[in-house]
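These protein sequence lines are chains A and B, in that order.
For the first sequence, my numbering gives the first residue as 1, with consecutive numbering after it.
For the second sequence, my numbering gives the first residue as 1001, with consecutive numbering after it.
Below: the structure, in structure tokens.
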Amino acid sequence: MAHPTDTSDSTFEQDVLKDDLPVLVDFWAPWCGPCRMVAPVVEELSDDYDGRVKFMKLNTDENPQVAGKYGIRSIPTLLIFKGGEPVGQIVGFRPKSDLSKRLDEVLA
Amino acid sequence: MTRIDDEAQGRTAALADEGAREVVDVAIIGGGPAGLAAALYASRARRRTVLWEGGMLGGQVATTERIENYPGYPDSVHGVDLVLAMHRQAEQFGTETRYERVTRIEHRAPLFVLHTEQGHAVEAKSVVVTAGAEANKLGVPGEAELVGRGVSYCATCDAAFFTGQQVAVVGGGDAALDEALFTARFASKVTVIHRRDTLRASRILQERAFATPNIEFLWDSVVETVYGESGVEWLTVRDVRSGATRELPVAGLFIFIGQTPNTGLLEGLVPLDRGGHAEVNLWMETPVPGLFVAGDVRAEAARQLVSAAGDGATAAIRADHYLSANFD
Chain A
1 MAHPTDTSDS TFEQDVLKDD LPVLVDFWAP WCGPCRMVAP VVEELSDDYD
51 GRVKFMKLNT DENPQVAGKY GIRSIPTLLI FKGGEPVGQI VGFRPKSDLS
101 KRLDEVLA
Chain B
1001 MTRIDDEAQG RTAALADEGA REVVDVAIIG GGPAGLAAAL YASRARRRTV
1051 LWEGGMLGGQ VATTERIENY PGYPDSVHGV DLVLAMHRQA EQFGTETRYE
1101 RVTRIEHRAP LFVLHTEQGH AVEAKSVVVT AGAEANKLGV PGEAELVGRG
1151 VSYCATCDAA FFTGQQVAVV GGGDAALDEA LFTARFASKV TVIHRRDTLR
1201 ASRILQERAF ATPNIEFLWD SVVETVYGES GVEWLTVRDV RSGATRELPV
1251 AGLFIFIGQT PNTGLLEGLV PLDRGGHAEV NLWMETPVPG LFVAGDVRAE
1301 AARQLVSAAG DGATAAIRAD HYLSANFD
């Protein structure tokens, strides 16, 4: 069982930018209702893509630097990184099938 | 892993003529409060109940931070908490949830066939459509390009990103003022842009908004264009009386200008009013036997959480009677 793990302003470079795998980062905050609805979907995806995509989550309240750097002004936002660069952005709640499609495009 | 099992079941249903066919008693389309209440009542009546949700469970309610007009919650309740509790309650009585978008309802009397985006087809003896409504867009240049970068349809999701900044809220109804009041906790100034000179919002919200020092009103005004490079920077706003245009520097634009019912599924099946809402009787019955419509998708709805839930319960009770009279 894979689970999205927490990343932060101080560990983001190591956790996300320097990883060899594509990384999906779930930007969330405790006060955001739709973020709580997205979390279980991302959890399921982390199972489906175990070993092929790394899943991380970042609390934007506690880590404003990373959120600011990538211009996050709306959450939930999912950013997909590959080789240290953001290659996909999904704003707002999307059903699982849409998210899989985006991940498959990145992996193709 | 349950999701894969669901898909397998759906595929089995699609191959109905090969034997193992699946017939649902009550099929519910849409997992907002109307659908969740219908699911609770239908499954508690021991009917085989399946709820389809193609987007986010709870719909509009899940984006509402504080609900203070749902009876039984004198200290208010968070939308997500209420939705998850309603969902758990429906599942306790046997409701099954499938996260797929239903794209077509086919009427093969006396049954219905639901077709989903993933290519599944499931037969149902009765259908309750509770597909809700979707936020209207302004449809002005710059709006679509800057969604997620300052343009938002959910202040409770995004307001905190505008701490100490100036933002605009468009609209004059309950939703607009609710979100303006919420946003005002973070933003330095909130300008409510409304195309008329009076508000449709309830008196209590108007009183609160007028009493909030960092909320201002721009009456008789409409947004014409949203400008910005990496995020919203300013708007042009036109005074509809004088025709004069002005620039309004804001970092965020929150839009709450009503909603359009998701009745695409019902076109050609049941009569729709001019706004696209389905016409039903007081039992949520459409002219098609076994097909019910409840919540924000129906005509003459109060469009409140409590009335949507009431509609859902009414539809499910009537669906149960319908099944008893026609199938049991």
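Beta carbons: idealized from backbone N, C-alpha and C, even for Gly.
Check	Outcome
If we count the other Cβ atoms within 10 Å of its Cβ and call it buried at 16 or more, is residue 1311 of chain B buried or exposed?	buried
Thinking residue 1290 of chain B and residue 1126 of chain B are a contact (beta carbons under 8 Å), I'd like their distance in whole angstroms, please.	4 Å
Rounded C-beta distance between residue 1163 of chain B and residue 1254 of chain B? I'm assuming under 8 Å.	Their Cβ separation, rounded to whole angstroms, is 14 Å, which puts residue 1163 of chain B and residue 1254 of chain B out of contact at 8 Å.
So, helix, strand or coil for residue 66 of chain A, using DSSP?	helix
Apart from the five residues just before and just after residue 97 of chain A, which ones in its own chain have a Cβ nearer than 7 Å to its Cβ?	none
Looking at chain B, is there any beta carbon in it that lies within less than 9 Å of the beta carbon of residue 29 of chain A?	yes
My output table needs one value for residue 1009 of chain B: the three-state DSSP class, helix, strand or coil.	Note that residue 1009 of chain B scores a pLDDT of 48, beneath 50, so its modelled location is shaky; the value from the coordinates is reported in the next line. In this structure, residue 1009 of chain B counts as helix in the three-state DSSP scheme.
Under the three-state reduction of DSSP, which class applies to residue 6 of chain A: helix, strand or coil?	strand
What residues are listed by DSSP as bridge partners for residue 54 of chain A?	A/23
Apart from the five residues just before and just after residue 1206 of chain B, which ones in its own chain have a Cβ nearer than 6 Å to its Cβ?	1199
In its own chain, which residues sit with a C-beta less than 8 Å from the C-beta of residue 1278 of chain B, not counting the 5 before and 5 after it?	1129, 1261, 1263, 1266, 1270, 1271, 1272, 1286, 1293, 1297, 1298, 1299
Closest Cβ-Cβ distance between residue 1263 of chain B and chain A: below 9 Å?	no
Measuring alpha carbon to alpha carbon, tell me which residue in B/1034, B/1088, B/1064, B/1036 is nearest residue 1256 of chain B.	B/1064
For residue 59 of chain A, which three-state DSSP category applies?	strand
Could you tell me the alpha carbon to alpha carbon distance between residue 1008 of chain B and residue 1156 of chain B, rounded to whole angstroms?	Note that residue 1008 of chain B scores 46 on pLDDT, short of 50, meaning its location in the model is unreliable; the coordinates nonetheless yield the value given after this. Their Cα atoms are separated by approximately 38 Å.
Let me know the secondary structure DSSP gives residue 1025 of chain B once reduced to three states.	strand
Name, please, each residue of chain A whose Cβ falls closer than 8 Å to the Cβ of residue 1230 of chain B.	71
For residue 1186 of chain B, which residues of its own chain have a beta-carbon under 7 Å away from its beta-carbon, when the five flanking residues on both sides are left out?	1159, 1160, 1162, 1163
In terms of DSSP beta bridges, what is residue 92 of chain A paired with?	BP columns for residue 92 of chain A are empty, so no partner.
With a cut-off of 9 Å, does the C-beta of residue 61 of chain A fall near any C-beta of chain B?	yes
Which residue comes first and which comes last in the beta strand (DSSP E) that contains residue 1292 of chain B?	1291-1293
Along chain A, which residues have their Cβ under 9 Å away from the Cβ of residue 1150 of chain B?	73, 74
Could you check if residue 1280 of chain B belongs to the surroundings of the ligand PLP, using beta carbon to heavy atom distance under 8 Å?	Of ligands this structure carries none, so the ligand PLP is not represented either.
What is the rounded straight-line gap between the Cα of residue 10 of chain A and the Cα of residue 1192 of chain B?	38 Å
Residues bridged to residue 1034 of chain B by DSSP?	According to DSSP, which records beta bridges pairwise, residue 1034 of chain B is partnered with nothing at all.
Considering only residues of the same chain and omitting the five flanking positions on each side of residue 65 of chain A, which have a CB-CB separation below 6 Å?	9
Closest Cβ-Cβ distance between residue 1078 of chain B and chain A: below 9 Å?	yes
Could you check whether the Cβ of residue 1010 of chain B sits closer than 9 Å to any Cβ belonging to chain A?	Below a pLDDT of 50, predicted positions are generally treated as unreliable, and residue 1010 of chain B, at 46, falls in that range; the measurement from the model is reported next regardless. Chain A, which has no Cβ nearer than 9 Å to the Cβ of residue 1010 of chain B, makes this no.
For residue 23 of chain A, count the other beta carbons within 10 Å of its own beta carbon; 16 or more makes it buried, fewer makes it exposed. Which is it?	buried
Against chain A, with Cβ distances strictly below 9 Å, would residue 1118 of chain B count as a contact?	yes
Give the secondary structure of residue 1119 of chain B by DSSP, where H, G and I count as helix, E and B as strand, and everything else as coil.	coil
List the residues of chain A that residue 1062 of chain B touches, going by C-beta distances under 7 Å, in chain order.	33, 34, 37
Short check: CB of residue 1268 of chain B to CB of residue 77 of chain A, under 9 Å?	no
What span of residues does the alpha helix (DSSP H) with residue 1087 of chain B cover, start to end?	1079-1092
Alpha carbons only, please: which of A/15, A/71, A/80 is nearest the one belonging to residue 1228 of chain B?	A/71
Using a Cβ-Cβ cutoff of less than 6 Å, which residues in the same chain neighbour residue 1201 of chain B once the five nearest sequence positions on both sides are dropped?	1173, 1174, 1177
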